[in-house]
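These notes concern the structure reproduced below.
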């Protein structure tokens, strides 16, 4: 099977059977999405969704969060991973939005990554979801699943994975393909015990083929 055929098969399955795929983070506007994605680093969406309602209620915009303090924000997010760092990031991010970006979330990767707590993955989420650009955010699920299936050639870094996926996936599908891969990695192609027996795209998967050969 060629790489082109693998991509065609995987994408065709998801287009047909998973026509709607979105982030599982809860948010109402771009600012809330940015905060939620920053909090989600090395943390589950489920946990983030448990703390953000009260956080968003008391700090609904960049101005209110910028006027707060890391110590106060910490009390809202202390059950999240790395709460001290993330509290500082959120306050400083909000201050930069207000003072440097006229309270508008940037639409360019290069500008977004200037914000505290925002790396390339988070920036790609924002450009993709908010601005509908073909940004491929590579988290741990996308990185793992892409290598396992064979969509990437044993990429060593998230950036390598991002470039290869963007090169081979039609631009109009990149935003939803990001969610397809995340959800597949979260519920089927798990890190430790991938559910190959019930995987709907196993016929296109290099890992499944290799695993079956080794069991012969």
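In the numbering used here, the protein residues as written are 141 to 356. We treat Cβ as the ideally placed atom computed from N, Cα and C, and that holds for glycine. Predicted model only: the values in this text are computed from it and were never measured.
Cα-Cα, which of the options is closest to residue i?
i: residue 325; options: 152, 232, 342, 312; result: 342
i: residue 250; options: 259, 244, 299, 243; result: 259
i: residue 194; options: 172, 180, 182, 183; result: 172
i: residue 329; options: 296, 283, 182, 269; result: 283
i: residue 180; options: 219, 344, 147, 235; result: 219
i: residue 229; options: 268, 174, 186, 248; result: 174
i: residue 148; options: 309, 285, 212; result: 309
i: residue 196; options: 183, 221, 170, 211; result: 170
i: residue 339; options: 144, 150, 141; result: 150
i: residue 318; options: 336, 273, 295; result: 273
i: residue 323; options: 210, 299, 158, 350; result: 158
i: residue 143; options: 311, 350, 305; result: 305
Leaving aside the five residues before and after residue i along the sequence, list all residues of the same chain whose C-beta is less than 8 Å from its C-beta, in chain order.
i: residue 198; result: 204, 216
i: residue 334; result: 288, 328, 347
i: residue 248; result: 267
i: residue 214; result: 223, 224, 227
i: residue 361; result: The question about residue 361 has no answer, for the chain in this structure spans 141 to 356.
i: residue 299; result: 260, 278
i: residue 155; result: 313
i: residue 295; result: 283, 286, 287, 301, 304
Just to confirm, are residue i and residue j a CB contact at a threshold of 8 Å?
i: residue 189; j: residue 166; result: yes
i: residue 231; j: residue 208; result: yes
i: residue 277; j: residue 264; result: yes
i: residue 303; j: residue 279; result: no
i: residue 267; j: residue 275; result: yes
i: residue 321; j: residue 281; result: yes
i: residue 286; j: residue 297; result: no
i: residue 146; j: residue 344; result: yes
i: residue 316; j: residue 161; result: yes
i: residue 336; j: residue 351; result: yes
i: residue 382; j: residue 236; result: Since the first residue of the chain shown is 141 and the last is 356, residue 382 is not available in this structure.
On the DSSP letters alone, give me the boundaries of the alpha helix (DSSP H) that residue i sits inside.
i: residue 182; result: Element bounds for residue 182: n/a, residue is neither H nor E.
i: residue 310; result: Per DSSP, residue 310 belongs to no alpha helix (DSSP H) and is neither H nor E.
i: residue 341; result: Looking at the DSSP string, residue 341 is not in any alpha helix (DSSP H), and its letter there is neither H nor E.
i: residue 151; result: 143–157
i: residue 330; result: Neither: residue 330 is in no alpha helix (DSSP H) and is coded neither H nor E.
i: residue 214; result: 210–217
i: residue 294; result: First-last for residue 294: undefined, no H or E at that position.
i: residue 203; result: 202–206
Take residue i and list the residues in its own chain whose beta-carbon comes closer than 6 Å to its own, dropping the five residues that flank it on each side.
i: residue 346; result: 290
i: residue 246; result: 252
i: residue 192; result: 176
i: residue 234; result: 202, 205, 206
i: residue 210; result: 227, 228, 231
Once you ignore the five residues that flank residue i on each side, which residues in its own chain have a CB closer than 7 Å to its CB?
i: residue 185; result: 164, 165
i: residue 226; result: 178, 179, 217, 220, 257
i: residue 331; result: 284
i: residue 311; result: 274
i: residue 242; result: none
Open item on the list: Give the list of continuous alpha helix (DSSP H) stretches no shorter than 4 residues that lie fully inside the stretch 232–277.
Closed with: 249–252, 260–269
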